[in-house]
Amino acid sequence: MESKSQSNRIVKRRPHVTNLFINFKKKKKMGGPDNEIQTSGSINSLDSCQTEDIDDIEDLAQLAEISRLAQKKTSRPVPKVVRKNEAGPTIVADSIIPGTQNVYVKTWGCAHNSSDSEYMAGLLNEEGYNITDDESLAHIWLLNSCTVKNPAEDHFRNAIEEGRRKGKYVVVAGCVSQAAPKTPYLQGLSIIGVQQIDRVVEVVEETLKGNSVQLLGTKKVSGKKLGGASLQLPKVRRNELIEIIPINTGCLNHCTYCKTQHARGKLGSYPVKEILQRAEQAFSEGVKEIWLTSEDTGAYGRDIGESLPNLLYQLVEVIPENCMLRLGMTNPPYILEHLEDMANILSHPRVYSFLHVPVQSGSDYVLGEMKREYCIDDFKMVVDFLRKKVPGITIATDIICGFPTETSEDFLETVKLVKEYHFPVLYINQFFPRPGTPAALMKRVPGQEVKQRTKMLSEYFQSYTCYDKEIGSVQQVLVTEVSHDKKHFVGHNKFYEQVLVPKDEEFLGKTITVKITKTGKHYLMGEPIIPEMEFKTLNSNRILPFIVISILVLFISVVISMR
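Position one of the sequence shown corresponds to residue 1 (the UniProt record's numbering), numbered consecutively onward.
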């Protein structure tokens with residue numbers, strides 16, 4: 001249960017009906033100082049924006065190139081709540097009847113944000129709203145923001161302005177609006193806090209009536225922060241084969257360049273039991289791949305007396321055959337003490353031998369200025385140990401070029417690190433000063449120099465390949481996605497390397513055997529050999545013609561032989 005102060009303000013609702021009294025003259029507080037409804041009526045709503053996706057911060061860069069499959073709603077029911085304030089502008093009747101509108105959901109940033117969007121879409125869909133990928137048809141735009149980099153916030157702000165110009169109802173969520181709700185371009189908009197996504201329905205309904213609603217509070221039990229909204233909420237998955245499960249929110253670090261903790265706060269972990277229940281529910285609904293996500297998965301459980309290895313050991317027990325688990329980003333300090341356990345888990349046949357461990361710089365001095373709480377030898381220890389104990393493991397990492405105080409010598413230490421380890425997956429970012437962070441007040445490296453360093457490292461990364469040695473090998477691949485050009489299906493092998501296969505509908509959601517015939521910088525090309533679904537899993541539409549033709553051929557052969 002939530003804290004008493006919050007639950008006392010929940011008003012039970014009737015489906016598609018609101019009938020609550022309000023005070024029009026002054027702002028009404030809800031859920032403590034962070035939750036409020038503002039009288040507004042200034043947002044005229046009703047038509048689309050074209051925004052570009054940015055690189056996913058937590059996940060593999062190539063995932064941004066993969067189109068998601070058809071949406072799928074989970075079936076678990078949940079209670080709903082609602083609030084009301086001042087009546088909105090005069091609009092056509094069906095535009096204010098809750099549950100009759102089209103909603104466009106746009107997400108920036110990490111897998112945690114993607115999961116939040118899927119939950120919000122699921123709640124709205126269960127209430128009768130239609131979730132659409134066509135922003136031009138939507139009455140409401142739900143924009144879920146990322147505060148990690150300036151370009152992400154720029155895209156978010158542009159989408160807000162576009163929606164307002166086109167008369168859409170705009171509701172914002174995510175880390176930008178949570179961390180800085182008083183930002184000028186957010187004024188007059190409804191805001192859903194990162195721990196309040198389970199209340200998206202009431203926020204949308206109030207917005208449709210012209211009210212500005214801000215729900216920014218933290219969920220607590222006995223004064224202790226929770227991981228967030230329940231994991232058992234309904235979902236509309238962007239990919240019906242992939243379930244994203246947040247295992248904790250916030251982090252224990254105080255990195256000088258990062259603004260995410262301003263939004264997600266300190267560490268809050270979900271109980272092991274709740275995570276296991278969510279995984280079992282997802283598998284029962286046909287999911288083939290689970291991604292565990294958070295701002296730092298390695299820190300999981302340190303606030304509730306648990307640990308990441310303990311969670312993972314229990315989780316692998318519920319993974320069905322031909323399904324896989326992918327572990328999200330973890331910082332070096334939190335797995336150093338669990339290296340043996342992590343190696344065992346990453347060697348499990350139903351866990352991808354893949355780990356995203358950001359290093360950010362190859363210079364100990366710069367790491368100290370960043371307050372990363374580890375040295376370069378710690379990072380090397382993690383990589384060396386896992387590469388030795390889990391042969392073939394994919395280690396992905398991040399680099400920030402041009403951090404304030406980074407000298408040319410510091411940068412060359414970073415280049416040296418990349419040359420030594422030849423990371424197959426490397427996220428290279430130039431430094432962006434995020435408002436409110438200590439690094440934003442530091443003396444900057446000249447912009448041209450930052451760009452030059454970024455360009456130099458990027459060119460080196462593009463100069464080497466890691467997959468050529470795999471040509472001719474035979475691999476098992478779980479197929480879950482569609483390529484950007486729609487010409488191939490996309491699967492991943494045990495090391496979470498991207499494998500392109502022919503676009504045969506029988507392959508989707510299946511584990512197939514392929515021979516690698518070609519490789520590129522970020523992919524392998526696989527030719528199917530023996531699909532594991534085999535003859536018994538082929539549908540009757542494919543089997544019957546084969547049987548009929550075989551019988552006819554046999555009959556004709558017999559007739560000819562008799563003559």
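Where a beta carbon is used, it is the ideal one built from N, C-alpha and C, also for glycine.
For residue i, I'd like the list of residues in its chain whose CB is within less than 6 Å of its CB, leaving aside the five on either flank, ordered along the chain.
{"i": "Y427", "result": "D398"}
{"i": "G301", "result": "S269 and S307"}
{"i": "A173", "result": "N144 and I192"}
{"i": "E127", "result": "G99 and V201"}
{"i": "N429", "result": "I400"}
{"i": "Y467", "result": "T519 and L524"}
{"i": "residue 584", "result": "Lying before the first or after the last residue shown, residue 584 is absent from the chain, which here runs from 1 to 563."}
{"i": "G265", "result": "G250"}
{"i": "I551", "result": "none"}
Can you tell me whether DSSP reads residue i as helix, strand or coil?
{"i": "I551", "result": "helix"}
{"i": "K455", "result": "helix"}
{"i": "Y257", "result": "coil"}
{"i": "Q38", "result": "Because the pLDDT at Q38 is just 43, under 50, the model does not fix this residue reliably, and the value given afterwards should be weighed accordingly. The answer is strand: DSSP assigns Q38 an E or B state."}
{"i": "T293", "result": "strand"}
{"i": "S136", "result": "helix"}
{"i": "A229", "result": "coil"}
{"i": "V201", "result": "helix"}
{"i": "P333", "result": "helix"}
{"i": "K168", "result": "coil"}
{"i": "V287", "result": "coil"}
{"i": "V501", "result": "strand"}
{"i": "G174", "result": "strand"}
{"i": "S3", "result": "With a pLDDT of 41 at S3, under the threshold of 50, the predicted position of this residue should be treated as unreliable, though the coordinate-derived value follows. In this structure, S3 counts as coil in the three-state DSSP scheme."}
{"i": "L189", "result": "coil"}
{"i": "K219", "result": "coil"}
{"i": "R14", "result": "Low confidence applies to R14: its pLDDT is 28, below 50, so where it sits in the model is not reliable, and the reading given next is rough at best. Three-state DSSP puts R14 in a strand."}
{"i": "V148", "result": "coil"}
{"i": "I529", "result": "strand"}
{"i": "G32", "result": "A caution first: G32 carries a pLDDT of 42, below 50, which makes its placement in the model too unreliable to give a value."}
{"i": "G447", "result": "helix"}
{"i": "Q195", "result": "coil"}
Would the beta-carbon of residue i fall within 8 Å of that of residue j?
{"i": "G298", "j": "N322", "result": "no"}
{"i": "R243", "j": "P98", "result": "In the sequence as presented, Arg is not what sits at residue 243; that position holds Glu. The answer is no: Cβ separation not under 8 Å."}
{"i": "T293", "j": "G328", "result": "yes"}
{"i": "G217", "j": "Q187", "result": "no"}
{"i": "Q178", "j": "A263", "result": "yes"}
{"i": "C401", "j": "T454", "result": "yes"}
{"i": "V499", "j": "F507", "result": "no"}
{"i": "V176", "j": "L142", "result": "no"}
{"i": "S353", "j": "I393", "result": "yes"}
{"i": "N102", "j": "A138", "result": "yes"}
{"i": "N239", "j": "E481", "result": "yes"}
{"i": "L123", "j": "P234", "result": "yes"}
Following the continuous alpha helix (DSSP H) through residue i, name the residue where it begins and the one where it ends.
{"i": "residue 572", "result": "Because residue 572 is not part of the residues shown, which for the chain are 1 to 563, the question remains open."}
{"i": "A180", "result": "Taken as a continuous stretch (DSSP letters only), A180 belongs to no alpha helix (DSSP H), as it is neither H nor E."}
{"i": "N344", "result": "L339 to L346"}
{"i": "V415", "result": "S408 to Y421"}
{"i": "Q314", "result": "L308 to L315"}
{"i": "L386", "result": "I376 to K389"}
Look up residue i in the DSSP assignment and give the residues it is bridged to.
{"i": "H356", "result": "A396"}
{"i": "S117", "result": "Per DSSP, none; premise fails for S117."}
{"i": "L142", "result": "V105 and V171"}
{"i": "L524", "result": "V499 and T519"}
{"i": "S463", "result": "Paired residues: none, contrary to the question."}
{"i": "N130", "result": "N102"}
{"i": "G163", "result": "DSSP output for G163 lists no bridge partner at all."}
{"i": "C110", "result": "According to DSSP, C110 bridges with nothing at all."}
Which same chain residues end up closer than 7 Å to residue i when comparing Cβ atoms and leaving out the 5 residues on each side of it in sequence?
{"i": "S230", "result": "D198"}
{"i": "M442", "result": "P404 and T405"}
{"i": "F156", "result": "W108, L143, S145 and V176"}
{"i": "K149", "result": "N429 and F432"}
{"i": "N493", "result": "Q475, Q476, V477 and V499"}
{"i": "E527", "result": "V514, K515 and T517"}
Taking the beta strand (DSSP E) that residue i falls in, what are its first and last residues?
{"i": "S361", "result": "It is not in any beta strand (DSSP E) - S361 carries neither H nor E in the DSSP assignment."}
{"i": "R247", "result": "The amino acid at residue 247 is misidentified as Arg; the sequence shows Ile. From DSSP, I247 is part of no beta strand (DSSP E); its letter is neither H nor E."}
{"i": "M324", "result": "M324 to L327"}
{"i": "I428", "result": "V425 to Q430"}
{"i": "K515", "result": "T511 to T519"}
{"i": "G481", "result": "Note that residue 481 is Glu in the sequence shown, not Gly. Counting along the chain, the beta strand (DSSP E) containing E481 begins and ends at V474 to S483."}
Could you name the residues of the same chain whose beta carbon sits closer than 8 Å to that of residue i, not counting the 5 residues immediately before and after it, in chain order?
{"i": "I304", "result": "S269 and P271"}
{"i": "K419", "result": "Y460"}
Counting only C-beta atoms, is residue i closer than 8 Å to chain D at any point?
{"i": "K225", "result": "Any reference to chain D falls outside this structure, which holds one protein chain only."}
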